[in-house]
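Residue numbers (our numbering): 13 to 184. Heads up, the thing below is written out as structure tokens.
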């Protein structure tokens with residue numbers, strides 16, 4: 013992204029702020045941000061690298077955040093306290109188990125990253141759990157990346173020994 017790690021992280025944060033307000037941004041706005049930047053060459057390279065990685069796409073004169081980019085940039089948003097943005101827990105657990113073939117390892121890693129970024133907790137190797145409904149953003153990502161065929165989702169009312177999970181998710 014940039015010559016230094018610190019610069020790269022700063023660029024990611026700045027670009028995240030840019031895309032955080034709107035999903036599609038005109039090139040004029042990007043050019044305005046670029047004009048304020050000291051190192052325009054490196055900022056342009058950062059944008060190009062984000063395109064190559066599939067995090068943003070450029071069509072015509074607009075940049076658009078991809079579903080992969082939405083999850084990537086969500087890590088850089090200001091974090092809220094665990095229950096701050098959640099509704100009251102309905103007492104049900106959302107469990108996802110998956111079985112991705114070895115030949116699809118790249119998809120497995122994408123799914124694992126998405127689960128971690130969506131605040132799921134790993135119960136077993138291919139079994140993850142969360143107390144809240146899964147976001148529409150998460151489901152769009154799963155479907156867009158053709159992962160839905162490998163996943164089984166369960167809604168659980170009773171989970172024996174869920175005390176540690178409740179502590180982990182600050183539900184006690």
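The C-beta atom is built at its ideal place from N, Cα and C for all residues, glycine as well. None of the values given here were measured: they were computed from a predicted structure.
Discussion item. By the DSSP assignment, the alpha helix (DSSP H) with residue 54 in it spans what residues?
Written reply: Within the chain shown, the letter at position 42 stands for residue 54. Looking at the DSSP string, the run of the alpha helix (DSSP H) that includes residue 54 is 52 to 64.
Worksheet item: Among the residues of its own chain, which have a CB less than 6 angstroms from the CB of residue 184, if the five just before and after it don't count?
Response: Sequence index remark: in the chain shown, residue 184 carries index 172 (1-based). Within its own chain, the residues whose Cβ lies closer than 6 angstroms to the Cβ of residue 184, once the five positions on either side in sequence are excluded, are 178, listed in chain order.
Worksheet entry | Residues near residue 26 by beta carbon distance below 6 angstroms, same chain, minus five either side | Within the chain shown, residue 26 is the residue found at index 14, counting from 1. Same-chain partners within the cutoff: there are none.
Discussion item. Given this structure, state the Cα-to-Cα distance separating residue 123 from residue 152, to the nearest angstrom.
Written reply: Residue numbering aside, residue 123 sits at position 111 when the chain shown is read from its first letter. Residue numbering aside, residue 152 sits at position 140 when the chain shown is read from its first letter. Answer to the nearest angstrom: the Cα atoms are 12 angstroms apart.
Practice prompt. Report yes or no: do three or more beta-carbon pairs, one from the segment 100 to 116 and one from the segment 129 to 142, lie closer than 8 angstroms?
Written response: The segment 100 to 116 is in contact with the segment 129 to 142.
Discussion item. Do residue 150 and residue 181 have their beta-carbon atoms positioned less than 9 angstroms apart in this structure?
Written reply: Walking along the chain shown from the start, residue 181 turns up at place 169. Walking along the chain shown from the start, residue 150 turns up at place 138. No, Cβ-Cβ distance for residue 181 and residue 150 is not below 9 angstroms.
Worksheet item: In terms of residue numbering, what span does the beta strand (DSSP E) encompassing residue 165 cover?
Response: Along the chain shown, read from residue 1 onward, the residue named residue 165 stands at position 153. Residues 163 to 168.
Discussion item. Taking the straight line between their C-alpha atoms, what separation do you get for residue 64 and residue 78?
Written reply: Locating residue 64 in the chain shown gives position 52, counting from the first residue. Locating residue 78 in the chain shown gives position 66, counting from the first residue. Going from the Cα of residue 64 to the Cα of residue 78 covers about 12 angstroms.
Discussion item. Out of 75, 45, 160, 125, which one is the CA nearest neighbour of residue 83?
Written reply: One-based indexing of the chain shown puts residue 83 at position 71. The shortest Cα separation from residue 83 among 75, 45, 160, 125 belongs to 125.
Item to complete: Report the residue from 174, 154, 112 whose alpha carbon sits nearest the alpha carbon of residue 135.
Response: Counting from one through the chain shown, the residue named residue 135 turns up at place 123. Nearest C-alpha to residue 135: 174.
Practice prompt. Flag this pair as yes or no: are the beta carbons of residue 103 and residue 50 separated by less than 9 angstroms?
Written response: Here residue 103 refers to the residue found at position 91 when the chain shown is read from its first residue. Here residue 50 refers to the residue found at position 38 when the chain shown is read from its first residue. No.
Fill in: Option nearest residue 154 by Cα separation, candidates 75, 76, 67, 119
Taking the chain shown and counting its residues from 1, one reaches residue 154 at position 142. Among 75, 76, 67, 119, the Cα nearest to that of residue 154 belongs to 119.
Worksheet item: Span of the alpha helix (DSSP H) holding residue 123?
Response: Position 111 of the chain shown, counted from the start, is the residue given in the question as residue 123. Note, residue 123: alpha helix (DSSP H), 117 to 129.
Worksheet item: Beta carbon of residue 116, beta carbon of residue 162: below 9 angstroms?
Response: The count along the chain shown starts at 1 and reaches residue 116 at position 104. The count along the chain shown starts at 1 and reaches residue 162 at position 150. Here residue 116 is near residue 162, since their CB atoms are less than 9 angstroms apart.
Worksheet item: What are the partner residues of residue 106, as DSSP defines its beta bridges?
Response: As a first step, residue 106 must be located in the chain shown, where it is residue number 94. Residue 106 is bridged to 142, 167.
Worksheet item: So, is residue 71 buried or exposed, given that buried needs 16 or more other C-beta atoms within 10 angstroms?
Response: For this step, residue 71 is matched to residue 59 along the chain shown. Per the 10 Å Cβ criterion, exposed.
Worksheet entry | 8 angstroms Cβ shell around residue 164 - same chain, five flanking residues per side excluded | Reading the chain shown from its first residue, position 152 is the one you call residue 164. The beta carbon of residue 164 is closer than 8 angstroms to those of 108, 109, 110 in its chain, skipping five residues each way along the sequence.
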